[in-house]
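In this text, residue positions in the sequence shown follow numbering that gives the first Met the number 0: the first is 0, and each later residue adds one.
Just so it is clear, CB atoms sit at the ideal spot from N, CA and C, and this is done for glycine as well.
Computed from a predicted structure; not experimentally measured.
Following: one structure in structure tokens, then a few remarks.
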Amino acid sequence: MEDLKQCFISSTDREYVEGKVNLFQQKIVVEKEVLSANLYITALGIYEAELNSEKVGDQVFAPGYTYYPRDLSYQSYTVTDKIHRGENTLKVYLGQGWYSGRFTHENKTQIYGDQSAVSWILEIEYADHEIEAFKSIQGVTELRSPYKYAGFYDGEIFDADVAEKDEVIGQAINFEGKVPDHLSETISKVILQETMPVKEIIRTEQATILDFGQNFAGVVEIDPNLLPENAIVKLRHGEILLDGNTLYTDNLRAAKAEIIYQRGSASKLYRPRFTYMGFRYVELSGVDYVEGLIQAKAIYNDMERTGKFSCDNKLVERLYENQLWGQKSNYVEVPTDCPQRDERMGYTGDGQAYAWTGSYNFDTERFFEKFLKDIRYSQMDNSEGYVAPTVPASGPAGVGFLSMLGWGNAVTIIPEMLYWQYGTMDHLIRQYESIKKFVELEIRQMGENHLWLGANLGDWLMPGKDIQWMAMNNGPVSNSFIVNDLTILSKLAGKLRKPEDEKLYTEQLEKTRSAYIEKYISCDGVVEGDYQGAYIMALRYVLPKGDLYEKVMANFIKDVEKNGLNTGFFATEFLLPLLIESGRTKLAFDTLLDEACPGWMYQVLNGATTIWERWDALKEDGTVNDTKVGDAGNMVSFNHYAFGSVGEFYYQYILGINPLLPGYKKIRLKPYTDPRLGKVTGSYTARTGTIKSAWEYQGNQITFSFETPVAAVIELPDGSKHEVEKGIHTYQIENN
């Protein structure tokens, strides 16, 4: 829809004011019978369109968040059923959003531009096959906006009385700013999801607190019919309560996370258009709560649910639900870090650490196709080739931290995951040059040492060590990611028949692996720093099977036996799988079920309904771990999904569902069991069909039931192996 580039309009008021929302209106007169009508629309900012007072489409925060200097999405909607003969009214609300609103943990404004703009073409085909196009550059007026403020972090201030008056304040003008070169239709969209009713009402002297029973990302809805006329409602959002009755908001930092709504005379439901919050609790003031006044809607990307899990152990099952809600809360346009504070950015590190788990829970192929495009476009505007720690890039991300190793490596890890989960090389092929640019940067930065020797963040938020210690002892973790990048790229070059690249990166892989072993691993298998993350990442990405591998594994197991779980953002994903693969199945389940801090069950037992940013976000004495991190201030989120990568263990090890061939064209079913889980059932819907796995202890036996849509290899804990065709397969083995 190249014509959209020529139709951008903006307000005559060019002064930048944070939180401004414009409202445009176009009158469309239809004099003949309509055969079809389609609206094509995009914006530099966020828009919501209404045709004859009815919302167009189901997308939230349209057109979506892209790297605006180069790329912009547009939407096409069939609106035939909304058009009638006579006068039709198209209204378009335009907010600042990611384009020019306040965004990033630095609370910057006007990141990509200082003037929001919108463009649309309404194309009508009449019954006589004449086609007429109504464009945004033709006779559009601007109305007084009912929004006094709207932004992601602070929320909205909305005057419903203004919304009812349709007061014309001027004419729209042609936009004179830069329009991105690349315009393409939306790949993945955010929509309204579950309805979240109020579960409990807590009344205090100052306000009423509404408990929705679940931490999530979303918005509240207010029914004005249950309010007195001209009532002013104020809502504050938070994730936890202190002492059972005080809303905790310190962790929001500079974000107010508030809604102020003034009722008019009309009865139209109010739902925020230009913000969302991460919350479980809402503090209501200004009016008394009556039943039905407020409910909420979860917000996340439109993805098909593909994974399911249940078991008799309610703590294990609750942890599964917690990681699932962590994904729902943070797959909002990009894989964000958290949905509540002044951040909510597309963190590449969080995204890659959780990518496998997320791809079991939901079909994430389109979601990550869009994110990988964001990475490619963001990478184009720097000469070094780095991948920014947050994408779309919102400013310089120099190589002092080499894009923060563990973060930038999403460029290889995510397309590799997509290949195995969905069976297509397309994403790796599209990303090839992007991967090369990043790996070439790694090679240049390593130099003759063949290692990165600078500071880095390492296994982020590892318990027991501060950030300074981790920065100076990051080497085994950071360089393991480089080894993995070289492994993926060298193999990919071979698959794509690029022999020179294959030779170059294979040779560099061996140099870096050898340098890693020489520098970081002693002959008795102690990895430098002697911490779990170092052992795990060396085992996962660097060491081939052999004597040294076994020595490192032995030291890793000793550490877990002594200290329990002690990993950060990146090593946590591989902790339990490595214990399983070492033959220590009981130790793996002991670690999963450990109720001490740090540990997953500690969070569950302390009321978590999502995954926390820190293992000890809520300390054992009930106080919040409000540790400050530099100028960023308080850094404690109760909805951060990185440690939810344990979901991968649920699918791949407890249920035992793994691809033997990319896209599950052949399947391995190899479950690991523990009687403390009781009966276990689950499934994953792959491109080849739904795979089901269940097991249960029955006296001295364990019963297994599998259903596979294609040929599979079934491996049971007694060591037996069964080659089977598609169908249902049941087994019983002795419980030794």
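Quick one: using the 10 Å Cβ neighbour count with 16 as the cut-off for buried, is residue 196 buried or exposed?
With fewer than 16 other Cβ atoms within 10 Å, it is exposed.
Taking C-beta to C-beta, are residue 547 and residue 520 nearer than 8 Å?
Yes, the pair counts as a contact, with Cβ atoms nearer than the cut-off.
With a Cβ-Cβ cutoff of 8 Å, do residue 469 and residue 485 count as a contact?
Contact flag unset, no.
I need the straight-line Cα distance from residue 406 to residue 160, nearest angstrom please.
One C-alpha to the other measures close to 47 Å.
Would a C-beta distance cut-off of 8 Å place residue 707 and residue 653 closer than the cut-off?
Against a cut-off of 8 Å, the Cβ pair of residue 653 and residue 707 comes out as no contact.
Quick check on DSSP: helix, strand or coil for residue 419?
In the structure shown, residue 419 sits in a helix (DSSP, three-state: H, G or I).
Based on DSSP bridge pairs, tell me the residues matched to residue 740.
Limits of the chain in this structure are 0 at one end and 735 at the other, which puts residue 740 out of reach.
Are the Cβ atoms of residue 574 and residue 590 separated by less than 8 Å?
Closer than 8 Å, so yes.
Near residue 9, what residues of its chain come up, given a Cβ to Cβ distance below 6 Å and the 5 sequence neighbours on each side ignored?
Correct list, in chain order: 114, 116, 174.
Could you tell me whether the stretch 324 to 341 touches the stretch 617 to 627, using the rule of 3 or more Cβ pairs below 8 Å?
Verdict: no, contact absent.
Report the rounded CA-to-CA distance for residue 299 versus residue 729, giving the unit in angstroms.
Those two C-alpha atoms are separated by around 38 Å.
If you compare alpha carbons, which of 228, 357, 306, 21 is closest to residue 91?
Checked all of 228, 357, 306, 21; the closest Cα to residue 91 is 21.
Is the Cβ-Cβ distance between residue 233 and residue 257 less than 8 Å?
Taking 8 Å as the Cβ cut-off, residue 233 and residue 257 qualify as a contacting pair.
Residue 119 lies in the beta strand (DSSP E); which residues open and close that run?
Start and end: 116 to 125.
Contact between the stretch 139 to 156 and the stretch 247 to 255: three or more CB pairs below 8 Å?
These segments touch.
Rounded to whole angstroms, what is the Cα-Cα separation between residue 738 and residue 186?
The structure shown does not extend to residue 738, since the chain is modelled only from 0 to 735, so the question has no answer here.
In this structure, how does DSSP classify residue 66 when only helix, strand and coil are distinguished?
Coil.
I believe residue 294 touches residue 220 by the beta-carbon criterion, under 8 Å. Please report the beta-carbon distance rounded to the nearest angstrom.
About 5 Å; that satisfies the 8 Å criterion.
Between residue 703 and the rest of its own chain, which residues show a CB-CB distance below 6 Å, the 5 nearest in sequence each way excluded?
Cβ neighbours of residue 703 beyond the five flanking positions: 694, 730.
Given this structure, state the Cα-to-Cα distance separating residue 65 from residue 43, to the nearest angstrom.
About 10 Å.
Identify which residue in 426, 410, 77, 271 has its Cα closest to the Cα of residue 59.
Checked all of 426, 410, 77, 271; the closest Cα to residue 59 is 271.
To which residues of the same chain is residue 684 closer than 7 Å at the C-beta, ignoring the five residues directly before and after it?
If we look at residue 684 and ignore the five residues flanking it on each side, its Cβ neighbours are 305.
In the structure shown, what three-state DSSP assignment does residue 440 receive?
It is helical.
For residue 508, which of 658, 89, 688, 490 has the nearest alpha-carbon?
Nearest option by C-alpha distance: 490.
Tell me where the beta strand (DSSP E) around residue 359 begins and ends.
Unbroken run through residue 359 is the alpha helix (DSSP H), 347 to 360; no beta strand (DSSP E).
Which residue comes first and which comes last in the alpha helix (DSSP H) that contains residue 321?
313 to 329 is the span of the alpha helix (DSSP H), which, as asked, contains residue 321.
With DSSP run on the structure shown, which of helix, strand or coil describes residue 175?
Coil.
The alpha helix (DSSP H) spanning residue 475 covers which residue range?
From DSSP, the alpha helix (DSSP H) with residue 475 extends over 474 to 494.
Is it true that the CB of residue 51 sits closer than 8 Å to the CB of residue 77?
No, the pair does not count as a contact, with Cβ atoms beyond the cut-off.
Any chance the stretch 12 to 21 sits against the stretch 100 to 108, with 3 or more Cβ pairs inside 8 Å?
Yes, the stretch 12 to 21 is in contact with the stretch 100 to 108.
For residue 483, collect the residues of the same chain with a Cβ closer than 6 Å to its Cβ; drop the 5 residues on either side in sequence, then sort them by chain order.
Contacts found: 540.
Under 8 Å by Cβ, that's how I've got residue 675 and residue 460 pegged, so tell me the actual separation to the nearest angstrom.
Actually they do not touch by this definition, with Cβ atoms about 28 Å apart.
Please report the straight-line C-alpha distance between residue 41 and residue 136, rounded to a whole angstrom.
So the two alpha carbons sit approximately 13 Å from each other.
Could you check whether residue 301 and residue 68 sit closer than 8 Å to each other, using their CB atoms as the reference points?
Result no, Cβ atoms of residue 68 and residue 301 do not sit closer than 8 Å.
Let me know the beta strand (DSSP E) ranges lying completely inside the stretch 675 to 702, each 3 residues or longer, listed in chain order.
Within the stretch 675 to 702, the complete beta strand (DSSP E) runs of at least 3 residues are 679 to 685, 688 to 697.
On the DSSP letters alone, give me the boundaries of the alpha helix (DSSP H) that residue 81 sits inside.
Note, residue 81: premise wrong, no alpha helix (DSSP H); not H, not E.
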